[in-house]
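Those protein sequence lines, which keep their order, are chains A and B. Using my numbering, read the first sequence as starting at 1 and increasing by one per residue. Using my numbering, read the second sequence as starting at 1 and increasing by one per residue. This report refers to the structure that appears directly beneath it.
There are 2 protein chains.
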Amino acid sequence: MAVYTEVSDAELASFIASYGLGELLSFKGIAEGVENTNYIVHTSTGPFILTIYEKRVEVSDLPFYLGLMEHLAENGVTCPTPVRNAEGENLSQLSGRPAALVTFLEGFWVRQPTAAHCGHVGRALAEMHRGGEGFAIRRANALGLNGWRPLYDKFAPDANGIVPDLAPLIEGELDYLEANWPRGLPEGVIHADLFPDNVFFIGDELSGLIDFYFACNDALAYDIAVCLNAWCFEKDGAFNITKGRALLRGYESVRPLTDAERTAMPTLARGAATRFLLTRAYDWLNTPKDALVSPKNPMEYVRKLRFHQGVSSIAEYGLGDSAQ
Amino acid sequence: MAVYTEVSDAELASFIASYGLGELLSFKGIAEGVENTNYIVHTSTGPFILTIYEKRVEVSDLPFYLGLMEHLAENGVTCPTPVRNAEGENLSQLSGRPAALVTFLEGFWVRQPTAAHCGHVGRALAEMHRGGEGFAIRRANALGLNGWRPLYDKFAPDANGIVPDLAPLIEGELDYLEANWPRGLPEGVIHADLFPDNVFFIGDELSGLIDFYFACNDALAYDIAVCLNAWCFEKDGAFNITKGRALLRGYESVRPLTDAERTAMPTLARGAATRFLLTRAYDWLNTPKDALVSPKNPMEYVRKLRFHQGVSSIAEYGLGDSAQ
Numbered sequence: 001m002a003v004y005t006e007v008s009d010a011e012l013a014s015f016i017a018s019y020g021l022g023e024l025l026s027f028k029g030i031a032e033g034v035e036n037t038n039y040i041v042h043t044s045t046g047p048f049i050l051t052i053y054e055k056r057v058e059v060s061d062l063p064f065y066l067g068l069m070e071h072l073a074e075n076g077v078t079c080p081t082p083v084r085n086a087e088g089e090n091l092s093q094l095s096g097r098p099a100a101l102v103t104f105l106e107g108f109w110v111r112q113p114t115a116a117h118c119g120h121v122g123r124a125l126a127e128m129h130r131g132g133e134g135f136a137i138r139r140a141n142a143l144g145l146n147g148w149r150p151l152y153d154k155f156a157p158d159a160n161g162i163v164p165d166l167a168p169l170i171e172g173e174l175d176y177l178e179a180n181w182p183r184g185l186p187e188g189v190i191h192a193d194l195f196p197d198n199v200f201f202i203g204d205e206l207s208g209l210i211d212f213y214f215a216c217n218d219a220l221a222y223d224i225a226v227c228l229n230a231w232c233f234e235k236d237g238a239f240n241i242t243k244g245r246a247l248l249r250g251y252e253s254v255r256p257l258t259d260a261e262r263t264a265m266p267t268l269a270r271g272a273a274t275r276f277l278l279t280r281a282y283d284w285l286n287t288p289k290d291a292l293v294s295p296k297n298p299m300e301y302v303r304k305l306r307f308h309q310g311v312s313s314i315a316e317y318g319l320g321d322s323a324q
Numbered sequence: 001m002a003v004y005t006e007v008s009d010a011e012l013a014s015f016i017a018s019y020g021l022g023e024l025l026s027f028k029g030i031a032e033g034v035e036n037t038n039y040i041v042h043t044s045t046g047p048f049i050l051t052i053y054e055k056r057v058e059v060s061d062l063p064f065y066l067g068l069m070e071h072l073a074e075n076g077v078t079c080p081t082p083v084r085n086a087e088g089e090n091l092s093q094l095s096g097r098p099a100a101l102v103t104f105l106e107g108f109w110v111r112q113p114t115a116a117h118c119g120h121v122g123r124a125l126a127e128m129h130r131g132g133e134g135f136a137i138r139r140a141n142a143l144g145l146n147g148w149r150p151l152y153d154k155f156a157p158d159a160n161g162i163v164p165d166l167a168p169l170i171e172g173e174l175d176y177l178e179a180n181w182p183r184g185l186p187e188g189v190i191h192a193d194l195f196p197d198n199v200f201f202i203g204d205e206l207s208g209l210i211d212f213y214f215a216c217n218d219a220l221a222y223d224i225a226v227c228l229n230a231w232c233f234e235k236d237g238a239f240n241i242t243k244g245r246a247l248l249r250g251y252e253s254v255r256p257l258t259d260a261e262r263t264a265m266p267t268l269a270r271g272a273a274t275r276f277l278l279t280r281a282y283d284w285l286n287t288p289k290d291a292l293v294s295p296k297n298p299m300e301y302v303r304k305l306r307f308h309q310g311v312s313s314i315a316e317y318g319l320g321d322s323a324q
């Protein structure tokens, strides 16, 4: 929620001119995006989003993110689509920072998702997994299994200061996940962060997916596990099995799960909860008190992790009978 | 540069529906406006700006501001124009705060104005003065002559802590202005804050005026004096007479000044410099160190005031010969 890089009208006009999108009509910094600076740009041919990449984004990853959005759009997935400039580049420079122009995606994220929304999200996730097939660039999941223990080690001595007994909870869970993590599941490009604020709707219809800046190659079913965590719990901490069922059935309407994926789901969900618990705990301890953006409370993911620890089968997430 | 009031999708959808502007397609908080929360709203009939009025705005003044924008638009002045809802109201409520929807004005403000821009601004200011004729609601200028000494009294003991000898400079100037303020000049609705960030251009053409939240009834020529201060000084503090000439001639191309207005211009310019010096000095002392928006340095207006103190005729602002 900030504009880190201020651009001048002359710089921006010349930047926009390089895209051949007509005359620059207006640009306004938008209060979204913690990591980057975003402007809504109107030209005589339509609205666009200009993103200026700030220091938290690895420049070497930008060809993956931008290339993926183009690849997905070409394969029928609705998402902001990079525009190429006169030199044929989808990545350029503005005010000395890497910058890209993407199409404006109409829609807005849903603050209180219903089971119907969850069904749409499951379907869109599977369509994204299909749409990502054949994408040539690869990116490892820096926040996958191998990244969790090193991240925990950074704040382990302070963990119990956040929540009593957080250290033994995380340490026991990392031991479990390292010993039981499923291998050999179908892999592909995953979104890895498909929370409600990254899915746009217009009315009851899903209008597209945004924010591919955690996308990477990993087990496809892990992406479903992230969504079960992000979409299917109520504010009071209870898992809503109606939403879980809708999400899983929505997914399977496009891409049925393998038996191995179904069996692995409780472990994948534990891993996904651990991943967000770890980053939230780290941010909780390391965000300056005067920062513009308050860190999210890690407690929410402690509760989710404990729920998944008690789950023994995908039926408890709502997918009881594959023939249904 | 902030979003103070977060609205939910359901609230906003129902708010937008009350205007009959088609379906809500998207809304994004914009990082503009220190005093209010602003969203860009796209509906199926076009883009709009939604403003939620925060506590610094007097609710009782809103009918003046919104009515003025409607009146000006009806009289050919291009500015954001309030939309009326199904009840015929241009002022409504959202998330418990007063809120209004206005048309989206394309264009963007010019960071480095040229003399040509100053000419357009002068012309647009005069057109606004003409367009404001006949507007029925009145609003006194809270930051006019009668408001300056009470504002100074709030920080007088600390004034010299900002700039050495600021207290005697302001006190002497207030004595001068109270004794010499011109009376009986043509009055009307003035913008009172027509700085570069409140004037939009597309290419070299002025596309409209925004931000009427200081507008009030006062001497029309005082509005020109504000613009001379805001548009015609260079970053090094020098007055640019070419820009002054362009601004004054632009103004006179629509509404020629009276002899009394010409004679009064140096005193009006001193008053305008004092007004912005006072508010900047007050904000300099009273803005919390951790505020999102840094206060503007009052020193700029000390220099401008000293310049005007040495001016004896409107010729020194560029209007040497009325026959030119």
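Glycine is no exception: its CB is placed at the ideal position from the N, C-alpha and C atoms. In this text the structure is predicted, and so the values were computed from the model without any measurement.
- Using a CB distance cut-off of 7 angstroms, B/Gly76 does not count as an interface residue toward chain A.
- Residue pairing from DSSP places B/Val41 in a beta bridge opposite B/Phe27, B/Phe48.
- Against B/His42, the close residues of chain A are Pro47, Phe104, Glu106, in the order they occur along the chain (beta-carbon pairs closer than 9 angstroms).
- A contact is defined here as three or more CB-CB pairs under 8 angstroms, and the stretch 59-77 of chain A fails this definition with respect to the stretch 33-49 of chain A.
- In terms of Cβ geometry, A/Ala100 and A/Pro80 do not form a close pair [threshold 7 angstroms].
- Taking a cut-off of 8 angstroms on C-beta distances, the stretch 202-214 of chain B touches the stretch 184-193 of chain B, as three or more cross pairs fall below it.
- Chain-order list of chain A residues neighbouring B/Asp9: Phe108, Trp109, Val110, Arg111, Gln112, Phe201, by C-beta distance under 9 angstroms.
- Counting C-beta atoms within 10 angstroms of its own C-beta, A/Val41 has 16 or more neighbours from the protein chains shown and is therefore classed as buried.
- Contact residues of the stretch 11-29 of chain A toward chain B are Leu12, Ala13, Glu23, Leu24, Leu25, Ser26, Phe27, Lys28, Gly29 (C-beta to C-beta distance below 9 angstroms).
- Interface annotation for the stretch 225-239 of chain A against chain B: empty, criterion Cβ-Cβ distance under 9 angstroms.
- For B/Phe239 and B/Arg249, the gap between their C-alpha atoms comes out near 16 angstroms.
- Excluding residues up to 5 positions away in sequence, Leu66, Gly67, Glu70, Pro82, Val83, Arg84, Ala100 lie with their Cβ nearer than 8 angstroms to the Cβ of B/Asn90 in the same chain.
- By the Cβ-count criterion, B/Asp223 is buried, with 16 or more other Cβ atoms from all chains shown falling within 10 Å of its own Cβ.
- Cα atoms of A/Tyr19 and B/Trp109: separation of roughly 22 angstroms, rounded to the nearest angstrom.
- A contact is defined here as three or more CB-CB pairs under 8 angstroms, and the stretch 230-245 of chain B fails this definition with respect to the stretch 147-162 of chain B.
- Counting only runs that start and end inside the stretch 191-245 of chain A, the alpha helix (DSSP H) elements of at least 4 residues fall at 220-231.
- Among the residues of chain B, none has a CB under 7 angstroms from the CB of A/Glu35; the nearest is roughly 15 angstroms distant.
- Only residues of its own chain outside the window of five on either side were considered, and among them Asp218 have a CB closer than 7 angstroms to the CB of A/Gly144, listed in chain order.
- Non-local C-beta neighbours of A/Pro186 in its own chain, meaning closer than 6 angstroms and more than five positions away in sequence, comprise Leu220, ordered along the chain.
- The beta carbon of B/Ala17 lies closer than 6 angstroms to none in the same chain, with the five residues before and after it left out.
- Residue contact with chain A for B/Ala99: absent (no Cβ-Cβ distance below 7 angstroms to any residue of chain A).
- Annotated three-state conformation of B/Val254 is coil, per DSSP.
- Nearest C-alpha to A/Asp61 among A/Ile137, A/Arg123, A/Glu23: A/Ile137.
- Within 7 angstroms of the CB of A/Glu205, no CB atom of chain B is found; the nearest one sits about 11 angstroms away.
- With distances taken between CA atoms, A/Leu24 lies nearest to B/Glu205 out of B/Arg130, B/Gln112, B/Glu205.
- Between the beta-carbon of B/Arg270 and that of B/Leu305 there is about 6 angstroms, and that keeps the pair under the 8 angstroms contact cut.
- Buried is the label assigned to B/Val226, since at least 16 other Cβ atoms lie within 10 Å of its Cβ.
- In the three-state scheme derived from DSSP, where H, G and I count as helix and E and B as strand, B/Tyr317 is classed as helix.
- Around B/Asn297, the same chain offers Arg280, Trp284 as residues with beta carbons nearer than 8 angstroms, after the five sequence neighbours per side are excluded.
- Of the residues assessed, B/Gly310 falls on the exposed side of the cut-off, its CB having fewer than 16 other CB atoms within 10 angstroms.
- At a cut-off of 7 angstroms between beta-carbon atoms, A/Ala73 makes no contact with chain B.
- In this model, A/Lys28 and B/Gly29 are separated by some 10 angstroms (Cα to Cα).
- Neighbourhood of B/Glu32 in chain A, by CB distance below 8 angstroms: Lys28, Gly29, in chain order.
- Out of A/Asp259, A/Glu261, A/His308, A/Asp175, the CA that lies nearest to the CA of A/Asn229 is found in A/His308.
- For A/Ala73, the enclosing alpha helix (DSSP H) begins and ends at 62-74.
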